[in-house]
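The structure under discussion appears below in the form of C-alpha cells.
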Amino acid sequence: MKPVVALFFGGRSPEHDVSVVSARGIVEHLDRSRWELVLVGIDRRGAAWAGGEEMLEADVGTRGTRVRLPSDPQDRCLREAVGGEPCSPPLDVIFPVIHGWGGEDGKLQGLAAWAGIPCVGAGVLGSALAMDKDRARRLLAAEGLPVVRDAVFSGEQARDAEAIARAVEDLGWPLFVKPARSGSSVGISRVDGPEALAGAIAEAGHWDGKIVLEAAVNDPREIEIAVLGHREPEVSVAGEIEPHGAFYDYRAKYEDAESKLIIPAPLPGEVLRELRSYAVRAFVALELQGMARVDFLLERSTGKIVLNEVNTVPGFTPISMYPRLWQASGLDFSALLDRLLELATDGAEGH
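For the sequence shown, our numbering begins at 2 and goes up steadily by one.
Below you can see the structure in the form of C-alpha cells.
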C-alpha cells in the first residue's frame, strides 16, 4: 500500500490564502503513484475539514467533512467531528503548508508528535525558534552568525516612548518595524522618519504582542538559499529578489508580477560559499530538519552579509523561491516532494 500523506493547509493566520496556493502547487506535483493524498483544510476559525481537491477551489470550510485530528498513536485516522466515525485511512505522514501561526510555530508539529505521525520539516523546537525573530537571532548571533541589528519590545514596553527613542537613536533611520512572530512580510513597515513610527508600531502590534525594530541595511541585495536534509543538509544555488517596491513586502511576494526572481544569483564564488555555509550553520543551530529557506541581505557598497531570517515552511506556489531554487539545482518539484516525504518517513530525529 502507498503511504498516506495528509496535506494540511489554510489556517487562522493572515497567510491563509498563500497557504491554499502552496497546497495547490503540491497537489499538482505530488507523484500519486508513490503517495496517497488526503487534504486537510483548516478554516479561518481553526476548524479542520477533510475532502478532495475541490476544497482548494473554494473557501476552506465550505466543502468537505468537518473532522477531528488524530491524537492517539494507536489511531491515526481522521474522524468525523460529529459521530466520530473514521473518514480517512491511517495517516503515515503530515505535510504542513500552513504558513505562520498554528502551522509554522510548532503547534501543528506538536500535534503530529503527540499522535505519533511523522511530519515534514522542522520539529516543535526548531519551528518555534525560527518563527520568533527575536529568539532566533539571539541564538544565531551566539553561534557567530551575522544578524540584523535590532531592538525588541513586548507588551507595555512598546508604549515606552523613551525606550523607543533610545532604540531609534541606536538603530538610526530608516528602520523596519515588524511583528516578532509573523511571516510573509505581514505587518511590516519601512519607516524613514519619526512621523510614521507610531503607526508602524501599532500595525506590528496588531499582529503580535512582541515587536522588533530593525536597522535597515544600506541598499541591500536580497538573496535566498534553500536547505534540504537533516544531519548533513544540502544547500541549493542562490536566488536573488529584485522587488518592485521599496522592499519585498506581502504584495510584492504574492500579487506583484513586476518583482524579479534571478536564479542563480550573480555572485562571486567566495561570497556564494560564505552564504551557503551560513545557511547550513543556521539550519543546524536552530535544530531544523527537512526544509528551510534562509534569507540574507547583502550590502552592495561593502559586500557585508546579514542573515535576515529563516523560514521553516517556505512557499510552494508557482513563484515561490524554495522549489525554484531546487529546480535550478537539479531537483524538480515532484522529486523535491519525494525527498521531503522520504526524510520525514525515514524516522528523522525528533519526530
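We put the CB at the ideal spot given by N, CA and C, even for glycine.
Just so it is clear, the structure is predicted and the values come from calculations on it, not from any experiment.
Query	Result
Quick one: residues in its chain with C-beta nearer than 7 angstroms to the C-beta of Thr346, no 5 flanking neighbours on either side, listed in chain order?	Pro4, Asp93, Val94, Pro119
In or out: Thr313 buried (at least 16 other Cβ within 10 Å) or exposed?	buried
With a cut-off of 8 angstroms, do at least 3 Cβ pairs link the region 41-55 to the region 7-27?	yes
If we count the other Cβ atoms within 10 Å of its Cβ and call it buried at 16 or more, is Ile224 buried or exposed?	buried
Taking only the alpha-carbon atoms, compute the straight-line gap between Gly124 and Ala143 and give it to the nearest angstrom.	21 angstroms
Put Phe284 into one of helix, strand or coil per three-state DSSP.	helix
From Asn309 to Pro244, what does the alpha carbon distance come to, in whole angstroms?	16 angstroms
In its own chain, which residues sit with a C-beta less than 7 angstroms from the C-beta of Pro97, not counting the 5 before and 5 after it?	Phe9, Gly104, Leu109, Cys120, Val121, Gly122, Val314
CA-CA distance, Ala239 and Ala137?	22 angstroms
For Pro87, which residues in the same chain have their Cβ closer than 6 angstroms to its Cβ, ignoring the five residues on either side in sequence?	Cys78, Arg80
On the DSSP letters alone, give me the boundaries of the beta strand (DSSP E) that Glu241 sits inside.	235-243
My parser needs the beta strand (DSSP E) runs of 3 or more residues fully inside the region 16-56; what are they?	37-43, 49-52
Classify Asp161: buried if its beta carbon has 16 or more other beta carbons within 10 angstroms, exposed otherwise.	exposed
Cutting at 7 angstroms between CB atoms, please list the residues of its own chain near Asp133, excluding the five before and the five after it.	Ala181, Arg182
What is the rounded straight-line gap between the Cα of Gly26 and the Cα of Val285?	28 angstroms
Report the residue from Phe317, Asp106, Pro91 whose alpha carbon sits nearest the alpha carbon of Ala116.	Pro91
Residues bridged to Ser155 by DSSP?	Lys211
Under the assumption that Ala307 contacts Val149 (Cβ atoms under 8 angstroms), give the Cβ distance between them as a whole number of angstroms.	The sequence shown places Val at residue 307, not Ala. About 6 angstroms; that satisfies the 8 angstroms criterion.
Quick one: what does DSSP say Thr318 is sitting in, helix, strand or coil?	coil
Does DSSP put Thr353 in a helix, a strand or coil?	In this structure the chain extends from 2 to 352, so residue 353 is not present and cannot be described.
State the CB to CB distance for the pair Leu176 and Ala216, rounded to an integer number of angstroms; the pair is presumed to be in contact (CB under 8 angstroms).	6 angstroms
Out of Trp50, Val228, Gly188, Met322, which one is the CA nearest neighbour of Lys261?	Met322
Please list the terminal residues of the continuous alpha helix (DSSP H) segment that includes Val125.	125-132
Run through DSSP, which three-state label would Pro324 get?	helix
Is it right to say His17 is buried, meaning 16 or more other beta carbons lie within 10 angstroms of its own, or is it exposed?	buried
Can you grab the Cα-Cα spacing for the pair Val19 / Gly316, in whole Å?	8 angstroms
Which two residues bound the contiguous beta strand (DSSP E) that contains Asp296?	291-300
Are the beta-carbon atoms of Gln290 and Gly127 separated by less than 8 angstroms?	yes
Can you give me the C-alpha to C-alpha distance between Ala283 and Val311, rounded to a whole angstrom?	8 angstroms
What are the residues that DSSP puts in a beta bridge with Ser190?	Val178
For Val236 and Leu140, I'd like the C-alpha separation in whole angstroms.	21 angstroms
Would you give the residue range spanned by the alpha helix (DSSP H) that Gly111 belongs to?	108-116
For the alpha helix (DSSP H) that Arg167 lies in, which residues bound it at each end?	162-172
Rank Leu299, Gly173, Val281, Arg232 by C-alpha distance to the C-alpha of Pro269 and give the top, closest one.	Leu299
Does DSSP put Val61 in a helix, in a strand, or in coil?	coil
Measuring straight from C-alpha to C-alpha, what distance separates Ala164 and Lys179?	17 angstroms
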